[in-house]
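Asks: Just passing along the structure, written as structure tokens.
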Amino acid sequence: MWQDGAKRKKILRYLKEVLGKPLILKDVSNMIAEYVA
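Counting from 1, position 8 in the sequence shown corresponds to residue 8 in UniProt numbering; the numbering is continuous, with no gaps.
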């Protein structure tokens, strides 16, 4: 998703729908940072 150009907020919205768990934007940023590293 990130590589396809999706924005962090859209990824956050998608993950909230799929997982059904409370997430914050910082969680998404951390996941992206780990993926890139």
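Even for Gly, the Cβ is constructed at its ideal location relative to N, Cα and C.
Here the structure is a predicted model, which is why all the values come from computation and not from measurement.
Do Val28 and Arg8 come within 7 Å of each other at the CB atom, strictly closer than that value?
Replies: The count along the sequence shown starts at 1 and reaches residue 8 at position 8. The count along the sequence shown starts at 1 and reaches residue 28 at position 28. It is a contact, given that the beta carbons lie within the stated cut-off.
Asks: CA-CA distance, Met31 and Leu12?
Replies: Stepping through the sequence shown from its first residue, residue 31 is reached at position 31. Stepping through the sequence shown from its first residue, residue 12 is reached at position 12. Taking the straight line joining both Cα atoms gives about 11 Å.
Asks: Roughly how many whole angstroms lie between the Cα atoms of Ala33 and Lys26?
Replies: Looking up residue 33 in the sequence shown gives position 33. Looking up residue 26 in the sequence shown gives position 26. Each residue's alpha carbon lies about 10 Å from the other.
Asks: Taking only three categories from DSSP, how would you classify Leu15?
Replies: In the sequence shown, residue 15 corresponds to position 15, counting from 1. Correct three-state label for Leu15: helix.
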